[in-house]
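Asker: Residue numbers (this note's numbering): 1 to 123. Dropping a structure here in structure tokens format, bear with me for questions.
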Amino acid sequence: MNVEKRHFTCVTCPVGCEVDVELRGGNIVSIKGNRCEKIKEFVVQELKEPMRVLTTTVRIEGAKWAMLPVRSDKPIPKRLFLQAVGELANIDLKAPVHISDVIIKDIAGSGANIVATRTMERS
């Protein structure tokens, strides 16, 4: 059986280890370049379904700033990012909004909520 080689940049912590992974039949044979033990869980998840926290901004009316920073409250599948951003582009948000307010529940059917990461009062 052939050995497949893959390269990953771990996003589990700020170090961002660059790792080389060898796979045989979809199973991990070796991992090189990691500085901690969290890498195996990360690689397994990346192979199964890459997940990330979505961070972006949405338009808001009636506030000092025109854009409100938001994020998902847990990681969502990367394959849903385009759909999620499309949903966010169509919302009509008005100030005031407070930090941690839920902006959209269950974004793109992911089970994650989009929350405000900043308070925006009326201008």
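Glycine included, each C-beta is placed from N, C-alpha and C at the ideal position.
Find the nearest neighbour of residue 92 within the set 70, 60, 117, judged by alpha-carbon distance.
Answerer: Nearest of 70, 60, 117 to residue 92, Cα basis: 60.
Asker: With a threshold of 7 angstroms on Cβ separation, who are the neighbours of residue 80 within its own chain once the five nearest residues in sequence on each side are excluded?
Answerer: Taken in chain order, the residues that qualify are 108, 110.
Asker: Under three-state DSSP, which class holds residue 37?
Answerer: DSSP places residue 37 in coil when its eight states are reduced to three.
Asker: Let me check understanding here. Comparing Cα to Cα, which of 64, 55, 78, 62 lies closest to residue 70?
Answerer: Here the closest residue by C-alpha is 55.
Asker: Which residue from 119, 113, 25 puts its Cα closest to that of residue 65?
Answerer: It is 119 whose Cα lies nearest to the Cα of residue 65.
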